[in-house]
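Undergrad:
Okay, structure coming up:
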């Protein structure tokens, strides 16, 4: 939902994003043997008087139904999962996507969003990729090609676990790693655990962002917390400045 606060006045350019293929049954060939329905682990296939048919929202595109069909009545077809959106106004390029209901974020989607950003802003020297929460294919795709990763941790047991796992993954990519904590005052004990972990691992800690009800009000007005006078906005600016100093120790414009 980052596009809600990017303040673009022009509509974005759009193009289809094709996700995983979906199975389709040709009723003219189907003999209603039921093998496809028996073998579909996602319960995406049903039957009527004419033939079996596939629920596109339930289909995961695994291809088992196509494999087991004795008369080749099932085939996989490209499926539009949403739109790739590109906002371009002045020197600023913002690449994102809007998925259809039932479609999920994948590593391929993140790669496509990054690809169109790179193609549209080839001359830029600085780009920010907003990664997905957790640890999975979309997060790994976000890390690919990055110079630095800023891990935004939550002071909870699951948040600490995710942080430790993504740090291990980021080290494989050989990128600069830094950590900050969001909603840090909701559990000071766990926030201190994260700080101690970073100190032990030699990972820069760029700051703590407190829980702030003003954040919701800012988003409702189409603004970021950095645009208003609030405690979380001040903390975010400090985190940004520390992060930039880590990424560009000699100053941004001195880097190639």
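In the working numbering, the protein residues as written are 75 to 330. By construction, the Cβ of each residue, glycine as well, lies at the ideal position given by its N, Cα and C atoms. Note that the coordinates shown come from a computational prediction; the quantities given were computed from them, not determined experimentally.
1) Considering only residues of the same chain and omitting the five flanking positions on each side of residue 293, which have a CB-CB separation below 7 Å?
2) For residue 216, does the three-state DSSP call read helix, strand or coil?
3) With DSSP as the reference, please indicate the residues paired to residue 157 in a beta bridge.
4) Figure out for me which residue from 299, 106, 218, 225 has the closest Cα to the Cα of residue 331.
5) Could you give the C-beta distance for residue 97 and residue 128, rounded to a whole number, given that I count them as a contact under 8 Å?
6) Going by DSSP in three states, residue 202 sits in which element: helix, strand or coil?
7) Please name the residue or residues paired with residue 126 in a DSSP beta bridge.
8) Go ahead and label residue 257 buried or exposed: buried means 16 or more other beta carbons lie within 10 angstroms of its beta carbon, across all protein chains shown.
9) How many angstroms separate the CA atom of residue 330 from the CA atom of residue 217?
10) Tell me the rounded alpha-carbon separation between residue 19 and residue 181.
11) First and last residue of the alpha helix (DSSP H) that includes residue 186?
12) Look at the alpha carbon of residue 148 and the alpha carbon of residue 213, and state the distance between them as a whole number of angstroms.
13) By the 10 Å Cβ neighbour count, where 16 or more other Cβ atoms means buried, how is residue 183 classified, buried or exposed?
14) Measuring CA to CA, which of 290, 285, 209, 275 is closest to residue 309?
15) What would DSSP say about residue 143, mapped onto helix, strand or coil?
16) Is it true that the region 188-200 meets the region 103-117, where meeting means three or more beta-carbon pairs spaced less than 8 Å apart?
17) Given that a residue counts as buried once 16 or more other Cβ atoms are within 10 Å of its Cβ, and exposed if not, what is residue 328?
18) Under a three-way DSSP split, which group does residue 254 fall into?
19) Out of 221, 248, 106, 255, state which residue places its alpha-carbon closest to the alpha-carbon of residue 236.
20) For residue 279 and residue 320, what's the separation of their Cα atoms in angstroms?
21) So, is residue 175 buried or exposed, given that buried needs 16 or more other C-beta atoms within 10 angstroms?
22) If you drop the 5 nearest sequence neighbours on each side, which residues of the same chain put their C-beta closer than 8 Å to that of residue 187?
23) Quick one: what does DSSP say residue 307 is sitting in, helix, strand or coil?
24) Since residue 232 is in the alpha helix (DSSP H), which residue starts that stretch and which ends it?
25) Does DSSP classify residue 77 as helix, strand or coil?
26) Per DSSP, what kind of secondary structure is residue 85 in: helix, strand or coil?
TA: A quick look at the data gives this:
1) 78, 79
2) helix
3) 90, 172
4) Since the first residue of the chain shown is 75 and the last is 330, residue 331 is not available in this structure.
5) 5 Å
6) coil
7) 121
8) buried
9) Residue placement at residue 330 cannot be trusted, given a pLDDT of 39 that sits under 50; what the coordinates show is reported in the next sentence. Looking at the two C-alpha atoms, the distance is approximately 20 Å.
10) Summary: the structure shown does not reach residue 19, with the chain confined to residues 75 through 330, and so no result is reported for it.
11) 181-194
12) 33 Å
13) buried
14) 285
15) coil
16) no
17) Low per-residue confidence applies at residue 328: pLDDT is 43, beneath 50, and the placement is therefore not dependable, though the value from the model is reported in the following sentence. The residue in question, residue 328, is exposed, as its Cβ has fewer than 16 Cβ neighbours within 10 Å.
18) strand
19) 255
20) 11 Å
21) exposed
22) 158, 169, 170, 171
23) helix
24) 231-247
25) helix
26) coil
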